[in-house]
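2 protein chains.
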Amino acid sequence: MKGISSTIHHHVPVALRPATNRFPKIHAQHQQLAIDTTHPTPDPTRTNRASRFAESLSNLLHHGETHAQKILQPSNWNLHFDEDKYNTPAMSPKEDISDAWREIHGCHDWHNLLDPLHPWLRREIVKYGEFAQATYDAFDFDSFSEYCGSCRYSRDRLFEKLGLTKHGYTVSKYIYAMSHMDVPQWLERSSRLGETWSKDSNWMGFVAVSDDEESRRIGRRDIVVAWRGTVAPSEWYEDMQRKLEPIGHGEAKVEHGFLNIYTAKSDATRYNKSSASEQVMEEVKRLVEMYKGRGEEVSLTITGHSLGGALALLNAYEAAASIPGLPVSVVSFGAPRVGNIAFRDEICTMGVKTLRVVLKQDVVPRMPGIVFNESLQMFDDFTGTLDWVYTHVGAELKLDSQSSPYLKRKIDLLGFHMLETYLHLVDGFLSSSSTFRSDARRDVALVNKSCDMLVDELRFPPCWYQMEHKGLVRNAHGRWVKPKRDPEDIPSPSMEEAHTHVKEVRGSHERLEPLLSV
Amino acid sequence: MKGISSTIHHHVPVALRPATNRFPKIHAQHQQLAIDTTHPTPDPTRTNRASRFAESLSNLLHHGETHAQKILQPSNWNLHFDEDKYNTPAMSPKEDISDAWREIHGCHDWHNLLDPLHPWLRREIVKYGEFAQATYDAFDFDSFSEYCGSCRYSRDRLFEKLGLTKHGYTVSKYIYAMSHMDVPQWLERSSRLGETWSKDSNWMGFVAVSDDEESRRIGRRDIVVAWRGTVAPSEWYEDMQRKLEPIGHGEAKVEHGFLNIYTAKSDATRYNKSSASEQVMEEVKRLVEMYKGRGEEVSLTITGHSLGGALALLNAYEAAASIPGLPVSVVSFGAPRVGNIAFRDEICTMGVKTLRVVLKQDVVPRMPGIVFNESLQMFDDFTGTLDWVYTHVGAELKLDSQSSPYLKRKIDLLGFHMLETYLHLVDGFLSSSSTFRSDARRDVALVNKSCDMLVDELRFPPCWYQMEHKGLVRNAHGRWVKPKRDPEDIPSPSMEEAHTHVKEVRGSHERLEPLLSV
């Protein structure tokens, strides 16, 4: 156990580490690809050269290191600020990582793969992060919607709607958690009118599994669980009950609020007759049995951002305890501390591998142990008194918002915590000592989905991720109406329940009280 | 002159007026259609009856007054709160008003047509109001857009895009006004980046003309000028320079800021080598000559909301002065005072008819003469000292937000000033002594386009009028990009200039400064 935990933290300078680099060739290259900020003179001819540049870089990453110096002229780094940027692929190339999948999945706690960050690992982190992001992008936040708290799309269409089919996974189940009782107030995003999709439950994430092609590429059948988190750091304050509760049979304790979301259930509800824990474990066991029964290698990768990262850890703890021999990894983004030292030790002993992606400027990973005073925009750090209670688990990939030339140089607590900010910085991360990766391909526009982090010169509007007319459409009579959701777009455990539900929602209109007495 | 001005104000109670009602039958009816608020008990069978009710009302308005009492049972009034509301026409029926058009156009200052409001006049007011609303709906407010300050659609597609072809008018010209120098700060809605569609000019409205079918229905060829206004009352504070400037050759004086917007021009600009005044007058003269040359009767109706209403009055003053014999009317919504008493007397003498639609709760019509203190949400009314200077012109249709059961009972200064709020209340207005019209057809959802005025029970989200992803679209590579505007969607005086402009905008990208030095 000591051997495992001693490799968890990667704050040791690169030069001091043992030379056990398993991919020396590629490291040598992407070190050189760091952006040169000393010669920002634009070159009028760079438009054509830029596209050749992108192509060459792609070849280079795959086939060799020739011409690197020639290509890296200062006139080329500005790739993302000319017209051609729109006509480049938005995804890094897919490599066959089947021979190295256990390393990438953390079997050696990502030792020597994080700083500098191995490109194969980077691509996998982004993939899992985009699954976590999907839980936000598809969540119906509209408090005026009768579907508030649900997923906007059925599981069959989720990845298609969000442009994520490229990852080669299929959603097999949706997970719901109860949204009242001991659950923190901010999770109760119920409609202002009470006529919600479900007053009891909120959509909390999904289980997905790699298809045959992706499984061949990554060397095993990969089951993914993605947990939805929360959005604003200020919401966390409500949640931070700082109450530890025992988990398992030993000394391990975890935060009460997280455990409650993970385990709460009630027979009186429609979607939470079983808890989130029971739902996810039933599905994971089913998939593991099915694919192991076919003689396949199987892995479980659990991901989540913010609160979702905390739930991912609880989920991993349970999965490792109940499915022996299954490789279980967690890739979390901006997640808070979850439990005490005994919990950390126990989860490590079980063999759960945890990669915590953390942004230096984000305050959430410093919680509990910090109080966010929203009105003063200040922090009152009392880590000193609580640090002995809550502690982080696993290896850390530490990002710095200052490394990206695309981000504003201002303090933006919400922006620093956004998952899209994380994914942008992972995509551009080479090492803790170098600047932004010049051949980063992920679409920079995504950063501004729900915040105002991109420099104005990029001309992307802030908070642009929004529905046309908030979902209203003009019908044949010229009236603006909220279209009823198609039955196949009502996410539910069974289609039968979905149909029952549609009927109930429709019926409820007739019960609306008369208005003129106001 | 005395004879004209004495009929301008309509605050005399109905009972005291001379019995010169020209449409007694219909008046008798719509008095009875007032909503009965004393019996709000819902009837479970009303869904089917409601649609029959709507149909019957329509017949009733056209053909007689039988069965009115029977139909107006309390169980029917709640028409707009059940499912069927979505399947009713959103427009009041079109009547042939050709015999009465001069009355409707105000030749007798709308004497006895306003309280109770004649249904034919109501429909025309809504029509002109929707033209004024179009100047907001199509205006590119996005400060990140390189087209900020322009109209989002070319004049050939404006009405089609906004669902206004139903009115039977065709846009013949766009009007631009300069957006700098003496012009109030709030008008300079230029992009944060300076790379705007036009740094010099903003789209300020359009000239349109009735087609053959509509002209037959309304008894003459109607030329409409619609002027764009401003949105937030707080913006007006900046504008209120309270400086009167002479206009014409007499004692008449008008507010400096309004006149400046109307008359400013510069050879150094692209769209304002001629002023808004010159642009609009050239087009109106051309149309009047063309249609009079064909022996048609022609009218000019000028409309606008807020600042747009002030510009409409200046435009009417100029049109009446320079085109003798042309019937000129102004239909303004929530417009501020424009000039002094001499200006009012002069414009009346010229024969300009002005119908001022005013919402009791809106503060803008009380300006200048009022100071809006945004931070305190209070008003410091010094009308006493300024009233002798600025004065209103014409007849008044006074609305009350409390008359509508669909609107929240709260103070909302922005909401009270919104043109959509006005149009909703006009649509429901019967008389100053009755409640909301039960057979009002205009889509209630429109009220919440840019504010939060509708009661929550209606379940329309606030401020819902927005573009999907603020205009960003995902291209073939999965990147979010701002599509270039089609040349035909770049509004300009001539297509030739539009093409030149596209070239310039595209070229400007190459001049963008490198970013990494931030």
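So the protein lines, in turn, are chains H and U. The opening position of the first sequence corresponds to residue -4 in this note's numbering, with each subsequent residue numbered one higher. The opening position of the second sequence corresponds to residue -4 in this note's numbering, with each subsequent residue numbered one higher. Cβ coordinates follow ideal geometry from the N, Cα and C atoms, glycine included.
Residues of chain H whose Cβ lies closer than 8 angstroms to the Cβ of Asp438 of chain U are, in chain order, Gly473, Arg474 and Trp475. Contact between Ala311 of chain H and Ile297 of chain H holds: CB atoms are separated by about 5 angstroms, below the 8 angstroms threshold. Take Val275 of chain U, set aside five residues on each side of it, and the residues of its chain with a beta-carbon closer than 7 angstroms to its own are Ile170, Val202, Val220 and Asn310, in chain order.
DSSP, reduced to helix, strand and coil, places His300 of chain H within a strand of the structure shown. Distances from the alpha-carbon of Ser210 of chain U to those of U:Leu295, U:Lys465, U:Leu392 and U:Leu306 put U:Leu295 closest.
Chain U places no beta carbon closer than 8 angstroms to that of Lys122 of chain H, leaving this residue out of the contacts.
Proximity to Ser93 of chain U across U:Val293, U:Glu284, U:Val442 and U:Tyr148 peaks at U:Val293, based on C-alpha coordinates.
At the C-beta level, Glu125 of chain U and Ile99 of chain U stay beyond 8 angstroms of one another. Put simply, the region 240 to 247 of chain U does not touch the region 125 to 140 of chain U. Fewer than three CB pairs are less than 8 angstroms apart.
Look at Asp217 of chain U here: in three-state DSSP terms it is strand. With distances taken between CA atoms, Ser396 of chain U lies nearest to U:Ile406 out of U:Val388, U:Ile406, U:His387 and U:Ala390. Beta-bridge analysis with DSSP links Lys268 of chain U to no other residue. Within chain H, the C-beta atoms nearer than 8 angstroms to that of Leu441 of chain U come from Trp475, in chain order. Ranked by Cα distance from Trp105 of chain H, the options H:Ser427, H:Trp459 and H:Leu350 are led by H:Leu350. Interface annotation for the region 117 to 141 of chain U against chain H: Asp137, Ser138, Phe139, Ser140 and Glu141, criterion Cβ-Cβ distance under 9 angstroms. Taking 8 angstroms as the upper bound for CB-CB distance, Val353 of chain H and Tyr401 of chain H are not in contact here, some 20 angstroms apart. Asp481 of chain U counts as exposed, since fewer than 16 other beta carbons sit within 10 angstroms of its beta carbon. Between the region 247 to 257 of chain H and the region 332 to 346 of chain H, the count of C-beta pairs closer than 8 angstroms reaches three or more; the two stretches touch.
In this structure, the CA atom of Lys355 of chain H is about 12 angstroms from the CA atom of Phe328 of chain H. When 9 angstroms is used as the limit between beta carbons, Met86 of chain U is near these residues of chain H: His472 and Gly473, in chain order. Under the Cβ distance rule, Pro482 of chain U does not count among the residues neighbouring chain H, no pair being separated by less than 8 angstroms.
Under DSSP, Ile170 of chain H shares a beta bridge with H:Gly200.
Following the DSSP letters along the chain, one finds Leu394 of chain H inside the beta strand (DSSP E) bounded by residues Ala390 to Leu394. For the region 444 to 469 of chain H, there is no continuous alpha helix (DSSP H) assignment of 4+ residues that stays within its boundaries. Distance from the CA atom of Glu141 of chain H to the CA atom of Leu467 of chain H, rounded to whole angstroms, is 13 angstroms. The beta carbon of Leu108 of chain H is closer than 6 angstroms to those of Leu116 in its chain, skipping five residues each way along the sequence. The beta carbon of Val121 of chain U lies closer than 7 angstroms to those of Leu418, Val421, Asp422 and Arg437 in the same chain, with the five residues before and after it left out.
Residue-level contact check: His464 of chain H touches chain U, since one or more beta carbons of chain U fall below 8 angstroms from its beta carbon. Residue pairing by DSSP places Tyr164 of chain H opposite H:Ser205 in a beta bridge.
Per DSSP, the continuous beta strand (DSSP E) segment holding Arg351 of chain U begins and ends at Lys348 to Leu354. For Gln461 of chain U, the nearest beta carbon of chain H is closer than 8 angstroms to its own beta carbon. If you ignore the 5 residues before and after Glu90 of chain U, its C-beta comes within less than 7 angstroms of the C-beta of Trp115, all in its own chain and listed in chain order.
In terms of CA proximity to Val359 of chain U, U:Gly304 leads the group U:Ile342, U:Gly320, U:Glu278 and U:Gly304. For Glu155 of chain U, the enclosing alpha helix (DSSP H) begins and ends at Leu153 to Leu157. As the crow flies, the alpha-carbon of Pro111 of chain U is around 17 angstroms from that of Ala95 of chain U. Taking the Cα positions, Gly144 of chain U is about 5 angstroms away from Asn197 of chain U.
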